[in-house]
Amino acid sequence: MAATVWAHTPLWRTDQTLAVAYSLIGLSWLGVAWMLWREPDQRANARFFLVLGALWLLGESTRRGVPLLFDIGLIAAQFTQIPCAAILLRYPAPAFDRAGRIFLASGLAVSGALAVPLVLLAPRPNGAMLATLSLGGTTGTFTFDDVQYVRSFFWLVYGLVFLTLFVRRWRRLTRFERRIMAPIFLVVISMTVTVGGTALEPILPDALVRLGMLGRAVAGVGVSVAFIDSARRLILVRSSVADLLGRLSGEATLESVEQALVQVFAEPSIAVVPPGDGAVVAPERIHLPVLDGAGHRIAVASFPRGFAQYSALLTAHLAACGLVLDRALTSRAAERARTGLIQATLKERRRLERDLHDGAQQRLLSVGLRLGALEAQAGTPRAAHALRLLREELHEAHRELRELAHGIYPEVLIRAGLRPALQAVVDRLPVPCHLVVPDRRWPEDTEIAMYLIACEATANIVKHAGPCRARIVVGERDRHLELLVEDDGIGIGVDVAGSSERPLLATVRDRLTDLGGAVEIGTVPGGGTSVRVRVPLGESRPPTSPTGMPAACSDAPT
Numbered sequence: 010m011a012a013t014v015w016a017h018t019p020l021w022r023t024d025q026t027l028a029v030a031y032s033l034i035g036l037s038w039l040g041v042a043w044m045l046w047r048e049p050d051q052r053a054n055a056r057f058f059l060v061l062g063a064l065w066l067l068g069e070s071t072r073r074g075v076p077l078l079f080d081i082g083l084i085a086a087q088f089t090q091i092p093c094a095a096i097l098l099r100y101p102a103p104a105f106d107r108a109g110r111i112f113l114a115s116g117l118a119v120s121g122a123l124a125v126p127l128v129l130l131a132p133r134p135n136g137a138m139l140a141t142l143s144l145g146g147t148t149g150t151f152t153f154d155d156v157q158y159v160r161s162f163f164w165l166v167y168g169l170v171f172l173t174l175f176v177r178r179w180r181r182l183t184r185f186e187r188r189i190m191a192p193i194f195l196v197v198i199s200m201t202v203t204v205g206g207t208a209l210e211p212i213l214p215d216a217l218v219r220l221g222m223l224g225r226a227v228a229g230v231g232v233s234v235a236f237i238d239s240a241r242r243l244i245l246v247r248s249s250v251a252d253l254l255g256r257l258s259g260e261a262t263l264e265s266v267e268q269a270l271v272q273v274f275a276e277p278s279i280a281v282v283p284p285g286d287g288a289v290v291a292p293e294r295i296h297l298p299v300l301d302g303a304g305h306r307i308a309v310a311s312f313p314r315g316f317a318q319y320s321a322l323l324t325a326h327l328a329a330c331g332l333v334l335d336r337a338l339t340s341r342a343a344e345r346a347r348t349g350l351i352q353a354t355l356k357e358r359r360r361l362e363r364d365l366h367d368g369a370q371q372r373l374l375s376v377g378l379r380l381g382a383l384e385a386q387a388g389t390p391r392a393a394h395a396l397r398l399l400r401e402e403l404h405e406a407h408r409e410l411r412e413l414a415h416g417i418y419p420e421v422l423i424r425a426g427l428r429p430a431l432q433a434v435v436d437r438l439p440v441p442c443h444l445v446v447p448d449r450r451w452p453e454d455t456e457i458a459m460y461l462i463a464c465e466a467t468a469n470i471v472k473h474a475g476p477c478r479a480r481i482v483v484g485e486r487d488r489h490l491e492l493l494v495e496d497d498g499i500g501i502g503v504d505v506a507g508s509s510e511r512p513l514l515a516t517v518r519d520r521l522t523d524l525g526g527a528v529e530i531g532t533v534p535g536g537g538t539s540v541r542v543r544v545p546l547g548e549s550r551p552p553t554s555p556t557g558m559p560a561a562c563s564d565a566p567t
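Heads up, the sequence shown is in our numbering, so the first residue is 10 and it goes up one at a time.
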């Protein structure tokens, strides 16, 4: 800061506006160098801006008129704009491509060649010159203004070359890079116009020359502002992992991960495929693995070649994607295992019911028939009476065994569905109950769980509610099957919604564990009790009536 103020002291006395603008150029370039140095992959560009700031400060020191410093500053001033233009052709890459290297080398060579006559012919603070230049006796002597004309023409041509190279690079950028580079693109246009305008300065009036100097100063500061804004955008993308996780808040799939990456990086050609999928292999693209928590490859992400310089950024986002995918895959595997366990349990219960029916029940029937035959052949009334009593006991045991076999799975539930099964429950209740159930089918395990929970809840009404009216409502909402069992009795007496010690809540939760459902039990002393259950649905069967046609909702009070 002190060196900048010292270098521009003469300008402060004549034109404060230009003094402020030109002072800000070097300081802002040093600020960009400090900001880029904090990013490990941008330290090469940070050194570039550090050199630019030092060259600019040396060039501006010529205003002080110190003899040796004047010559050094005059030379340094010739090498400021070329590196500034060159870095615009490579950021945020840490190195130049072939065209950028040629542009930088040729510009420095021409600037160096022009620096020699400028230093020799430039008027010194005391009005003297170091030397005069001529190409022979017939060509005359070159003046400082002649060299300035040549230098202006060079800047005009070089500005057009720079603009051509930048436009070519812009067309090759990915959409993500264009979003990052948008502020720099605007500055490039203004900088090209202002720097190219130096070719016209020898023929312009002083007022326009001053305006051009002010425009170049604003463009120089604008370069720093543009780099700061572009770096800010890049930092925001680096911190967008949380945003990416937010986009994947649901159950993640390869398609949803791909869509989230497309939205974050604004690049529609990003692809995420399973490992070993040959469709993504292409030499003009880069392919990065998506790893799970154990380091196993679960997917491959494909990006345009332009993303190669953002490997650290991509790795961070893909790590987040891997964790989300791993969690989703684990959840789906657990769901498949749970479904398999439920199906195995259902199969085993069916087998037990079939064995009871085909084995023990048939044997009891056979024994009953034999007892009937013996009763008919009994020689005395007393023996016949004893055999009849024995046959009646056997018949009662057979009935209880049949009810037990059907109790494993209510026969009406398996055959006709939830509505008739709940209607049978309502018919046996000693309290009035209003039933609302669609006449349709749902997955068997879900119907069984809802039926058993309804039985538990209605049994609780009979035990605790006292004289009351009850209501059972079943319906679908948001791909969930919902059950409501409520009464207007005296209530349980305490709020059981958060208690795991209440038998009713513990039983209901046990039945919902395998289905991934949720339960809410509420009670108000003197105001009744309600049991609300939600169970996620898979594919359900279509509504049917006893005739096989679609059926409407039942609303059957009892």
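Cβ atoms here follow ideal geometry from the backbone N, Cα and C, with glycine treated the same way.
Notebook entry, point to check: Between the segment 481 to 500 and the segment 529 to 547, do at least 3 Cβ pairs fall closer than 8 Å?
Noted result: yes
Next item on the list: Could you pull the start and end residues of the alpha helix (DSSP H) that A102 belongs to?
Entry: Per DSSP, A102 belongs to no alpha helix (DSSP H) and is neither H nor E.
Notebook entry, point to check: Among residues of its own chain, excluding the 5 on either side of E456, which ones have a beta-carbon nearer than 6 Å to its beta-carbon?
Noted result: L427.
Margin query: Is it the case that the segment 215 to 233 contacts the segment 177 to 185, given that we only count it when at least three CB pairs across the two stretches are under 8 Å?
Written below: no
Next item on the list: Closer than 7 Å by C-beta to L174: which residues in its own chain qualify, once you throw out the five before and the five after it? Chain order, please.
Entry: L98, A108, F112
Notebook entry, point to check: Considering only residues of the same chain and omitting the five flanking positions on each side of V197, which have a CB-CB separation below 7 Å?
Noted result: Close CB contacts of V197 within its chain, under the 7 Å cut and outside five residues either way in sequence, are with L97, F175 (chain order).
Item checked: Alpha-carbon spacing of L123 relative to R160, whole angstroms -> 7 Å
Next item on the list: With DSSP as the reference, please indicate the residues paired to A308 in a beta bridge.
Entry: Paired residue(s): V299.
Next item on the list: Taking the CB atoms as reference points, tell me whether C464 and V421 lie closer together than 8 Å.
Entry: No, the pair does not count as a contact, with Cβ atoms beyond the cut-off.
Next item on the list: Could you check what DSSP says for D496 in three-state terms: helix, strand or coil?
Entry: strand
Check: So, are the CB atoms of S115 and M190 less than 8 Å apart?
Finding: no
Next item on the list: For the segment 31 to 51 and the segment 79 to 87, state whether three or more C-beta atom pairs, one from each stretch, are separated by less than 8 Å.
Entry: no
Item checked: Integer-rounded CB distance, given that A479 should sit under 8 Å from E491 -> The pair is not a contact, with the Cβ atoms about 17 Å apart (cut-off 8 Å).
Check: Taking Cβ to Cβ, would you say T183 is nearer than 8 Å to G315?
Finding: yes
Next item on the list: Quickly, what does DSSP pair T538 with across the bridge? List them, please.
Entry: Beta-bridge pairing links T538 to T532.
Note to self: What does the alpha-carbon distance come out to for the pair R294 and F312?
What the structure shows: 6 Å
Checklist line | Proximity winner among P101, V483, P429, A55, relative to A317 (alpha-carbon distances) | finding: It is P101.
Note to self: Can you give me the C-alpha to C-alpha distance between I499 and H473, rounded to a whole angstrom?
What the structure shows: 8 Å
Next item on the list: Could you give the DSSP three-state label for P476: helix, strand or coil?
Entry: DSSP, read as helix, strand or coil, puts P476 in coil.
Next item on the list: Put R543 into one of helix, strand or coil per three-state DSSP.
Entry: Residue state, collapsed to three classes: strand.
Checklist line | Spatial distance of A55 from R241 (CA atoms) | finding: 15 Å
Next item on the list: Have a look at P439, V333, A430, C442 and flag the residue whose alpha-carbon is nearest the alpha-carbon of D448.
Entry: A430
Check: Based on the DSSP output, what are the partners of R489 in its beta bridges?
Finding: Before going on, a small fix: residue 489 reads as His here, not Arg. DSSP lists R486, P545 as partners of H489.
Notebook entry, point to check: How big is the Cα-Cα spacing for I237 and V41?
Noted result: 7 Å
Next item on the list: Tell me whether L444 sits in a helix, a strand or coil according to DSSP, three-state version.
Entry: strand
Margin query: Taking a contact to mean a Cβ-Cβ separation below 8 Å, would you say V273 touches A308 in this structure?
Written below: no
Next item on the list: Just grab the DSSP bridge partners of A280 for me.
Entry: S311
Check: Nearest CA to the CA of K356: which residue from L263, E453, A329, A385?
Finding: Cα-wise, what sits closest to K356 is E453.
Check: Pick from T13, R400, W38, M44: whose alpha carbon is nearest that of V29?
Finding: T13
Checklist line | Straight-line gap, L27 to E48 (C-alpha atoms, nearest Å) | finding: 33 Å
Item checked: Same chain, Cβ closer than 6 Å to N157, five either side skipped, listed in chain order -> For the record, residue 157 in the displayed sequence is Gln; it is not Asn. No residues qualify anywhere along the chain.
Notebook entry, point to check: For the alpha helix (DSSP H) that F316 lies in, which residues bound it at each end?
Noted result: Looking at the DSSP string, F316 is not in any alpha helix (DSSP H), and its letter there is neither H nor E.
Notebook entry, point to check: In the structure shown, what three-state DSSP assignment does R133 receive?
Noted result: coil
Checklist line | Extent of the continuous alpha helix (DSSP H) run through V60 | finding: 52 to 69
Check: Do you know how far the Cα of Q25 is from the Cα of P92?
Finding: The alpha-carbon of P92 is positioned some 27 Å away from that of Q25.
Notebook entry, point to check: Around the C-beta of V246, are 16 or more other C-beta atoms found within 10 angstroms, so that it is buried, or is it exposed?
Noted result: buried
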